[in-house]
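A.B. asks: Numbering (this note's numbering), first residue to last: 7 to 99.
Using N, Cα and C, we set each Cβ at its ideal position, and we do this for glycine too.
1. What is the DSSP secondary structure of residue 85, counted as helix, strand or coil?
2. For the region 54-63 against the region 19-32, do three or more pairs of beta-carbon atoms, one drawn from each stretch, fall closer than 8 Å, so that the two count as touching?
3. Quick one: Cα of residue 87 to Cα of residue 77, how far?
4. With distances taken Cα to Cα, identify the nearest neighbour of residue 97 among 11, 66, 16.
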């Protein structure tokens, strides 16, 4: 008795680039528990950021910040509009 693997289809070449989807932000996942009539679970994408006052950033004389249109809602429900974003900055602890 021999086993024959299923055929693998050839790759498909797209004529145009697919549209990049935006950041979904927070979203809810419906869940079902017997004790609750209505349950929605908040999805956590595992993202983490650190905020720093602009005055400290300027004193450190690090590279320039990238522009951003990001708006952050903090734990105390205040809204923060960052001046810019710095990525991959190494910090000695």
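C.D. replies: Based on what the coordinates show:
1. Collapsing the DSSP output to three states places residue 85 in a strand.
2. no
3. 5 Å
4. 66
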